[in-house]
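Each remark here refers to the structure printed beneath this line.
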Amino acid sequence: MAAAEFVVVANRLPVDRIITADGEEIWRTSPGGLVAALEPMMHTVDGAWVGWAGLPDQQLSPFEADGIRLIPVTLSESEIEEYYEGFSNDTIWPLYHDVIEPPQYHREWWDAYVSVNLRFAEAAAAAVAKHGTVWVHDYQLQLVPEMVRNLRPDVTIGYFHHIPFPAHGLYAQLPWRDQVLRGLLGADVVGFQRTQDTANFVAAVKRRLGLETKANAVTLSDGRRVHAKAFPISIDTTPYRELARRPDIKARAVEIRESLGNPKRILLGVDRLDYTKGIRHRIKAYGELLDQGRLSVEDATFIQVASPSRERVDAYMHLRDEVELAIGRINGDHDTLGHTAIRYLHQGFPREEMVAMYLAADVMLVTALRDGMNLVAKEYVATRADNRGVLVLSEFTGAADELRQAVRVNPHDIEGVKDAIMTAVEMPKEEQARRMRSLRKRVLEHDVDVWSQSFLKALDDASHHRHSAEQR
Ligand code: G6P
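When we follow numbering that gives the first Met the number 0, the leftmost residue of the sequence shown carries the number 0, and every step to the right adds one.
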């Protein structure tokens with residue numbers, strides 16, 4: 000395969016290899032916001048994408064899918080346990096999401112993280128053209144920037160962190176805190192979702208490594224500069240707007256409402272089944288509104304889509320049990336033969352069906368306890384061309400920095416969540432329209448293209464800077 004000018008490195012390829020129940024192999028779009036964010040940009044560059052295909056022990060040759068060159072990285076069964084489920088999703092994920100669940104620290108997991116990061120770095124270093132660009136993504140690969148720099152000092156390296164970066168008081172727990180910072184500082188530009196994440200990172204660099212920082216630029220001992228900056232990620236709004244206009248999808252939205260017994264209001268939650276998303280808090284608040292008679296199942300139905308995620312990690316198994324117990328109780332207490340309190344779907348859906356649900360939903364509930372951005376909030380807004388509908392949005396999401404006209408909630412405050420739900424359910428049309436217009440303006444003007452272009456511009460500026468400094 001010829002060298003690529005532009006190489007994306009992410010834990011997952013944009014497609015996962017799936018073996019169906021009857022043994023057939025299919026490729027399916029990977030979960031999460033990262034893939035959705037990068038895919039449109041990849042069609043416009045001479046690029047390659049390094050990542051894992053989602054199954055153990057697969058030796059796959061590079062191939063092309065949808066016009067993107069894909070370079071698969073192999074993970075063994077034990078690497079999936081130690082690097083992916085272990086260090087990435089049971090150490091870094093909970094630590095970086097404000098220790099909602101206690102992070103597990105295991106030296107074997109760290110060792111696997113180091114060796115798998117090196118494998119990704121080697122694949123990227125082998126794929127990138129001379130003086131090309133490597134863009135590394137997310138918390139699974141924090142050591143890759145430094146590793147690529149050691150292997151290929153000629154290339155420009157960007158890193159984008161899709162999840163929160165925690166305050167130093169929490170970050171300091173990590174036994175490998177200095178190594179991770181040095182890994183990230185291998186990049187020319189380190190991007191975050193929010194200015195607060197950027198500030199937390201720069202503070203950690205100052206305190207732990209004693210490096211000089213000025214206006215979010217870090218100067219290393221060899222004089223090289225690393226720029227840290229917030230680039231709030233977004234969505235490709237076009238497919239959402241187009242689907243929302245399609246007559247068959249509008250008809251499907253009507254059908255969804257009818258299938259629920261035509262409640263006066265439909266409330267919707269859409270999340271990976273993850274303890275960061277505040278699903279339990281939302282369900283508790285909703286159940287109490289029913290118990291107190293502030294809502295009835297004829298007034299409202301709450302649809303909770305919880306797509307399966309990281310199902311072999313203990314914390315996720317426990318969460319599933321808790322959520323399903325709570326929903327079962329609420330439905331048992333409140334359902335009638337014609338109406339249900341909470342329609343729970345532990346499934347993933349194609350985008351067409353998601354847009355039909357967004358169109359059917361009068362109220363969208365995003366109550367994450369901590370979330371890097373939350374693209375579901377932006378997807379909902381993008382589909383609401385008639386300026387109707389209310390977004391209830393947690394203060395602890397990156398999206399809350401931008402979507403100021405949402406009904407804001409502190410998800411830990413159950414009374415506050417209940418009041419926010421009632422405000423949303425009862426909001427007059429005029430107020431819905433006023434708020435939704437402003438939300439839509441923000442989302443449509445700051446789409447994923449604006450995000451990737453501004454990151455790439457910062458990377459370009461940084462690389463010019465570096466080359467002119469090297470020539471001096
Ligand atoms: C979040 C992370 C992504 C991750 C996605 C899905 O959006 O930021 O890096 O890919 O969740 O999680 P999974 O563990 O299935 O890749």
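Backbone N, C-alpha and C fix where the C-beta goes; we use that ideal spot for every residue, glycine too.
Could you check where the beta strand (DSSP E) with residue i kicks off and where it finishes?
i, result
"M363", "V362 to V365"
"R407", "V406 to V408"
To which residues of the same chain is residue i closer than 6 Å at the C-beta, ignoring the five residues directly before and after it?
i, result
"L74", "W51"
"D400", "R193"
"V133", "V6, A123, V127, V147, V154 and I156"
"L54", "R16"
"R436", "N386"
"A64", "V14"
"R27", "D15 and I17"
"Y82", "A111, Y112 and V115"
"R383", "M435"
"L438", "V380, L402 and Q404"
"A325", "I282"
From the DSSP output, which residues share a beta bridge with residue i?
i, result
"Y82", "Paired residues: none, contrary to the question."
"G190", "F159 and K228"
"Y379", "Partner(s): none; Y379 has no beta bridge."
"A2", "DSSP, once it has assigned bridges, lists no residue as partnering A2."
"G268", "Q303"
"V217", "T212 and V225"
"S393", "V408"
"D370", "T396"
"F164", "The partner list for F164 (beta bridge, DSSP) is empty, contrary to what the question assumes."
"W51", "R11 and V72"
"I64", "Inspection of the sequence shows that residue 64 is occupied by Ala rather than by Ile. DSSP, once it has assigned bridges, lists I67 as partnering A64."
"D26", "Per the sequence shown, residue 26 should be read as Trp rather than Asp. DSSP lists R16 as partners of W26."
"G46", "F5"
On the DSSP letters alone, give me the boundaries of the alpha helix (DSSP H) that residue i sits inside.
i, result
"H280", "I278 to D290"
"V442", "K428 to E444"
"I329", "D313 to H333"
"K129", "K129 -> not in any alpha helix (DSSP H); beta strand (DSSP E) instead, spanning V127 to H136."
"S467", "V447 to Q470"
"L242", "T236 to R244"
"V416", "I413 to E425"
"L344", "Premise fails: L344 lies in the beta strand (DSSP E), I341 to L344, not in any alpha helix (DSSP H)."
"R176", "R176 to L183"
"Y104", "Neither: Y104 is in no alpha helix (DSSP H) and is coded neither H nor E."
"A355", "R350 to A359"
"L150", "V143 to L150"
"A94", "Looking at the sequence shown, residue 94 is not Ala but Leu. Start and end: W92 to Y95."
What's the call for residue i, buried or exposed, on a 16-neighbour Cβ count within 10 Å?
i, result
"M316", "exposed"
"K417", "buried"
"L364", "buried"
"L183", "buried"
"V253", "exposed"
"A359", "buried"
"V98", "exposed"
"S29", "buried"
"D361", "buried"
"T218", "exposed"
"K440", "exposed"
"N261", "exposed"
"R328", "exposed"
"G337", "exposed"
Restricting to Cα atoms, I'd like to know which of the options is closest to residue i.
i, options, result
"V135", "L208, G260 and G157", "G157"
"A532", "G260, R240, L266 and D187", "Nothing can be reported for residue 532: it is not among the residues displayed for the chain, which extend from 0 to 471."
"V274", "N88, L242 and E469", "Before going further, note that residue 274 is Tyr rather than Val in the sequence given. Of the listed residues, the one whose Cα sits closest to Y274 is N88."
"R206", "E394, R342, P231 and L180", "L180"
"Y239", "R271, G331 and A355", "A355"
"G131", "V442, A457 and A2", "A2"
"A398", "R383, D412, N116 and R369", "R369"
"Q58", "V72, W108 and R279", "V72"
"H105", "E84, L142, A367 and N149", "E84"
"V442", "I234, I248, T43 and S306", "I234"
"Q291", "E414, A36 and A423", "E414"
"A405", "A384, R433 and T382", "R433"
"H466", "R223, P101 and A9", "R223"
"V269", "M426, A125 and A376", "A376"
"I278", "D313, L318, V296 and K249", "L318"
Go through its chain and collect everything with a Cβ distance to residue i's Cβ below 8 Å, but skip five positions before and after it.
i, result
"E24", "R16, I17 and I18"
"R342", "L259, T300, F301, I302 and Q303"
Does any residue of chain C bring its CB to less than 9 Å from the CB of residue i?
i, result
"L219", "In the structure shown, chain C cannot be found, because there is only a single protein chain."
Any heavy atom of the ligand MN closer than 8 Å to the beta-carbon of residue i?
i, result
"Y83", "Looking for the ligand MN in the displayed structure turns up nothing; the ligands present are the ligand G6P."
Excluding the 5 residues preceding and the 5 following residue i in the sequence, name in chain order all residues of the same chain whose CB lies nearer than 7 Å to its CB.
i, result
"F164", "Y95, F191, D196, N199 and F200"
"N373", "V365, A367, T396, G397 and A398"
"I79", "P55"
"G66", "H42"
"N330", "T339, A340 and I341"
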